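Participant: Chains as they are written, first to last, in this note's numbering: chain A, 22 to 295; chain B, 22 to 295. Just so it is clear, CB atoms sit at the ideal spot from N, CA and C, and this is done for glycine as well. Just so it is clear, the structure is predicted and the values come from calculations on it, not from any experiment.
Number of protein chains: 2
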Amino acid sequence: MNRQQLFANILRKRSFLCVGLDPDLDKMPASLEGDLFKFNKAIIDATAQHAIAFKPNLAFYEVQGVKGYKAFEDTVRYIRNNYPDVMIIADAKRGDIGNTSRMYARSFFETLDVDAITVAPYMGEDSVTPFLGYDGKWVIVLGLTSNKGSHDFQLTTDATGTPLYKNVLSKVSSWGNDSNMMFVVGATQGQLFEEVRQVVPSHFLLVPGVGAQGGSLAEVAKYGMTRECGLIVNSSRGIIHASSNDDFAQVAAAKAAQLNAEMAHILENYRFFS
Amino acid sequence: MNRQQLFANILRKRSFLCVGLDPDLDKMPASLEGDLFKFNKAIIDATAQHAIAFKPNLAFYEVQGVKGYKAFEDTVRYIRNNYPDVMIIADAKRGDIGNTSRMYARSFFETLDVDAITVAPYMGEDSVTPFLGYDGKWVIVLGLTSNKGSHDFQLTTDATGTPLYKNVLSKVSSWGNDSNMMFVVGATQGQLFEEVRQVVPSHFLLVPGVGAQGGSLAEVAKYGMTRECGLIVNSSRGIIHASSNDDFAQVAAAKAAQLNAEMAHILENYRFFS
Numbered sequence: 022m023n024r025q026q027l028f029a030n031i032l033r034k035r036s037f038l039c040v041g042l043d044p045d046l047d048k049m050p051a052s053l054e055g056d057l058f059k060f061n062k063a064i065i066d067a068t069a070q071h072a073i074a075f076k077p078n079l080a081f082y083e084v085q086g087v088k089g090y091k092a093f094e095d096t097v098r099y100i101r102n103n104y105p106d107v108m109i110i111a112d113a114k115r116g117d118i119g120n121t122s123r124m125y126a127r128s129f130f131e132t133l134d135v136d137a138i139t140v141a142p143y144m145g146e147d148s149v150t151p152f153l154g155y156d157g158k159w160v161i162v163l164g165l166t167s168n169k170g171s172h173d174f175q176l177t178t179d180a181t182g183t184p185l186y187k188n189v190l191s192k193v194s195s196w197g198n199d200s201n202m203m204f205v206v207g208a209t210q211g212q213l214f215e216e217v218r219q220v221v222p223s224h225f226l227l228v229p230g231v232g233a234q235g236g237s238l239a240e241v242a243k244y245g246m247t248r249e250c251g252l253i254v255n256s257s258r259g260i261i262h263a264s265s266n267d268d269f270a271q272v273a274a275a276k277a278a279q280l281n282a283e284m285a286h287i288l289e290n291y292r293f294f295s
Numbered sequence: 022m023n024r025q026q027l028f029a030n031i032l033r034k035r036s037f038l039c040v041g042l043d044p045d046l047d048k049m050p051a052s053l054e055g056d057l058f059k060f061n062k063a064i065i066d067a068t069a070q071h072a073i074a075f076k077p078n079l080a081f082y083e084v085q086g087v088k089g090y091k092a093f094e095d096t097v098r099y100i101r102n103n104y105p106d107v108m109i110i111a112d113a114k115r116g117d118i119g120n121t122s123r124m125y126a127r128s129f130f131e132t133l134d135v136d137a138i139t140v141a142p143y144m145g146e147d148s149v150t151p152f153l154g155y156d157g158k159w160v161i162v163l164g165l166t167s168n169k170g171s172h173d174f175q176l177t178t179d180a181t182g183t184p185l186y187k188n189v190l191s192k193v194s195s196w197g198n199d200s201n202m203m204f205v206v207g208a209t210q211g212q213l214f215e216e217v218r219q220v221v222p223s224h225f226l227l228v229p230g231v232g233a234q235g236g237s238l239a240e241v242a243k244y245g246m247t248r249e250c251g252l253i254v255n256s257s258r259g260i261i262h263a264s265s266n267d268d269f270a271q272v273a274a275a276k277a278a279q280l281n282a283e284m285a286h287i288l289e290n291y292r293f294f295s
């Protein structure tokens, strides 16, 4: 999915919502008997009209071994076949030496055919660039994450007082462009979105941390939005596990609809619609 | 496998060799028809006597999807059942927010039951600590990697002139201890091992980059070895793909034996044996 298609989907759905498909076995209704794909299928059908992206996190599948990995593949295929206008982001946080990252790129962009994959920047250029050069595919590099641990290294400063995350945004963005690269910036980082936009004014940002982690959608939009929206805001637990009973899909739909309404309101205020 | 067992294995085998199980489909003999587990089984049987660890890198399995993930699981199980004294390191370079890292810890230490997993430090404390607290298990955090991209961020300095990798070693090591944590330091970094040892004098280091990547075993030993060896030196392509013909396992055995002999010589010179 290219940039124009992504923005068109945002305008059409009046949404920049990404639903995180991180099914936690402990929070699923017992009637599903731990069937991750069955759970996802219900969530996908219930929320697809409100979402422009789905983001399965590999950790929640690998915990079931081969069975879980199959559920992950089935999930990707189900979205691809039934909701081709919804972007699929594999939240894998990969990144390795060049020849290994090339292998990951093949796994995710050829074997699985997802639209985007998250990658950690610590290993530098040859760990990131193998994911570029696939038409309509995206690498989403960790910039400033939503968790407490983001302070440990990402906010440490160099001799000029520049924090590491800014050096990451600046250097990594020079390896690609705003049509094949995005950055993860946590919603919990509030006004730092202003700082982020100084370095990457036009890149899409994947924004986790709204909902369970406490980030504010209004603040993210205020400081992070661009003329092409430029935001994909993720909610996982706040949607998919809002109920752990058999009504989980209905409750998820309601939660997604609510976020969609808030986003439509924000988009209207930003005069995307004439 | 705890620290004492690891050191005992090193002394007994006179080796600190880790064989990287990164099977590249393009370099396997055609007769194997892309069967990763069959390839690994032959490599494992041929090299186990020379190795104290095996390190499968997930990228090389995920490229085959579910089939590849199953080959990975089969490989882990085969090593566990047949060579229980050889450490299994899942080279996965994971790392995510706390609740997700906990999921990865369950995947690798409970579902799969490997001995160690590699983790990237960019997301900080809550991405690393969920891997601690498993008896006899290890988290191996990226310190200074072997690739060219290691210069992009790992060697950038803070206001006091300290490079990021040293701040990573220093801060991360404070979250665990030298019995549940190791660090990745690339063999290509040569004399920087002296610097590394100033910060983490007693931790085991997992050292990739000898062989195909050009690092020197003698230099690594000279600057990195501790009184308990403190090194696990990995070779992947240089062993497993030394031949791409049907004699691949025999050639791998010879390559592993050669490294084992070099290591035995180094260990003797360091007077580990009286």
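Between which two residues does the beta strand (DSSP E) harbouring G164(B) extend?
Facilitator: Taken as a continuous stretch (DSSP letters only), the beta strand (DSSP E) holding G164(B) covers 159 to 165.
Participant: Tell me, please, which residues DSSP counts as bridged to I109(B).
Facilitator: Partner(s): F75(B).
Participant: Please report the residue range of the alpha helix (DSSP H) in which G41(B) lies.
Facilitator: That residue, G41(B), is in no alpha helix (DSSP H); its beta strand (DSSP E) goes 38 to 42.
Participant: H224(B) to L213(B), Cα distance in whole Å?
Facilitator: Rounded to the nearest angstrom, the two C-alpha atoms are 15 Å apart.
Participant: Closest by CA to F28(B), which one among A239(B), N266(B), L226(B), K62(B)?
Facilitator: Selected option, being the one with the closest Cα: L226(B).
Participant: In the DSSP output, which residue or residues are listed as bridge partners for T68(A)?
Facilitator: For T68(A), which the question treats as bridged, DSSP gives no partner whatsoever.
Participant: Taking its Cβ as the centre, do 16 or more other Cβ atoms sit within 10 Å of N262(A), making it buried, or is it exposed?
Facilitator: In the sequence as presented, Asn is not what sits at residue 262(A); that position holds His. Buried: at least 16 other Cβ atoms inside 10 Å.
Participant: In the DSSP assignment, the alpha helix (DSSP H) including M296(A) goes from what residue to what residue?
Facilitator: Nothing about residue 296(A) can be read from this structure; chain A reaches only from 22 to 295.
Participant: Using a Cβ-Cβ cutoff of less than 6 Å, which residues in the same chain neighbour A126(A) once the five nearest sequence positions on both sides are dropped?
Facilitator: So the qualifying residues of the chain are P151, F152.
Participant: Buried or exposed: where does D134(A) fall if 16 or more other Cβ atoms within 10 Å of its Cβ makes it buried?
Facilitator: It counts as exposed.
Participant: Per DSSP, which one or two residues make a beta bridge with M49(A)?
Facilitator: Paired residue(s): none; M49(A) is not in a bridge.
Participant: Going along the chain, which residues of the segment 156 to 183 of chain A sit with their C-beta nearer than 8 Å to a C-beta in chain B?
Facilitator: Correct list: L163, T166, S167, N168, K169, G170, S171, H172, D173, F174, Q175, T177, T178, D179, A180, G182.
Participant: Hey, how far is the Cα of A270(A) from the Cα of I64(B)?
Facilitator: Straight-line Cα distance between these residues: approximately 48 Å.
Participant: Which of the three DSSP states is assigned to M124(B) in this structure?
Facilitator: Reduced to three states, the DSSP call for M124(B) is helix.
Participant: State the DSSP-derived secondary structure class of V97(A), mapped to helix, strand or coil.
Facilitator: The answer is helix: DSSP assigns V97(A) an H, G or I state.
Participant: Report the residue ranges of all beta strand (DSSP E) runs contained in full by the segment 167 to 192 of chain A; include only those spanning at least 3 residues, in chain order.
Facilitator: If we require 3 residues or more, the segment 167 to 192 of chain A turns out to have no beta strand (DSSP E) run fully inside it.
Participant: List the residues of chain B that I261(A) touches, going by C-beta distances under 8 Å, in chain order.
Facilitator: Ordered by position in chain B, no residue passes the 8 Å Cβ test against I261(A), which lies about 13 Å from the chain.
Participant: Leaving out five residues before and five after D267(B) in sequence, what residues of the same chain have Cβ atoms less than 7 Å from its Cβ?
Facilitator: P50, S52, listed in sequence order.
Participant: Run down chain C in chain order and give the residues with a C-beta less than 9 Å from the C-beta of L27(B).
Facilitator: Protein chains A and B are contained in the structure displayed, whereas chain C is not.
Participant: Please classify N103(B): does DSSP put it in a helix, a strand, or coil?
Facilitator: Of the three classes helix, strand and coil, the one that applies to N103(B) here is helix, per DSSP.
Participant: Check the DSSP bridge columns for A137(B) and list the partner residues they point to.
Facilitator: Answer is I110(B), W159(B).
Participant: Can you list, in chain order, the residues of its chain with a C-beta nearer than 7 Å to that of K62(B)? Leave out the 5 residues immediately preceding and following it.
Facilitator: The answer, listed in chain order, is Y99.
Participant: Please list the partners that E54(B) has in chain A, where partner means a Cβ-to-Cβ separation under 9 Å.
Facilitator: Result: empty, since nearest Cβ-Cβ is about 17 Å, beyond 9 Å.
Participant: Considering only C-alpha positions, which residue in the set S191(A), L280(A), D66(A) is nearest to M202(A)?
Facilitator: With distances taken between Cα atoms, M202(A) lies closest to S191(A).
Participant: Hey, is E146(A)'s beta-carbon within less than 8 Å of any beta-carbon in chain B?
Facilitator: Yes, because at least one Cβ of chain B sits closer than 8 Å to the Cβ of E146(A).
Participant: By the DSSP assignment, the alpha helix (DSSP H) with F294(A) in it spans what residues?
Facilitator: First-last for F294(A): undefined, no H or E at that position.
Participant: Is the shortest distance between the beta-carbon of Y244(A) and the beta-carbons of chain B less than 8 Å?
Facilitator: No, no contact with chain B.
Participant: Output the distance between the C-alpha atoms of I110(A) and S200(A), rounded to the nearest integer angstrom.
Facilitator: Their backbone Cα atoms lie some 15 Å apart in a straight line.
Participant: For S36(A) and S122(A), what's the separation of their Cα atoms in angstroms?
Facilitator: C-alpha separation (whole angstroms): 32 Å.
Participant: Give a yes or no on whether 8 Å exceeds the smallest Cβ distance from L133(A) to chain B.
Facilitator: True, the Cβ-Cβ gap to chain B drops below 8 Å.
Participant: Among V221(A), Q210(A), S264(A), which has the Cα closest to the Cα of A239(A)?
Facilitator: Ranking V221(A), Q210(A), S264(A) by Cα distance to A239(A) puts Q210(A) first.
Participant: Report yes if the CB atom of G259(A) is closer than 8 Å to the CB atom of G235(A), and no otherwise.
Facilitator: Not in contact: G259(A) and G235(A) (Cβ atoms no closer than 8 Å).
Participant: Report yes or no: do the segment 275 to 295 of chain A and the segment 137 to 156 of chain B share at least 3 C-beta pairs separated by less than 8 Å?
Facilitator: Taking 8 Å as the limit for Cβ pairs, the verdict is that the segment 137 to 156 of chain B does not touch the segment 275 to 295 of chain A.
Participant: With 8 Å set as the bound, which would you pick, yes or no: does the beta-carbon of M124(B) sit closer than that to a beta-carbon of chain A?
Facilitator: True, the Cβ-Cβ gap to chain A drops below 8 Å.
Participant: For I261(A), report the span of its alpha helix (DSSP H) as first-last.
Facilitator: From DSSP, the alpha helix (DSSP H) with I261(A) extends over 258 to 261.
Participant: DSSP beta-bridge partners for V203(A)?
Facilitator: For the sequence presented, residue 203(A) should be read as Met rather than Val. Bridge partners of M203(A): I161(A).
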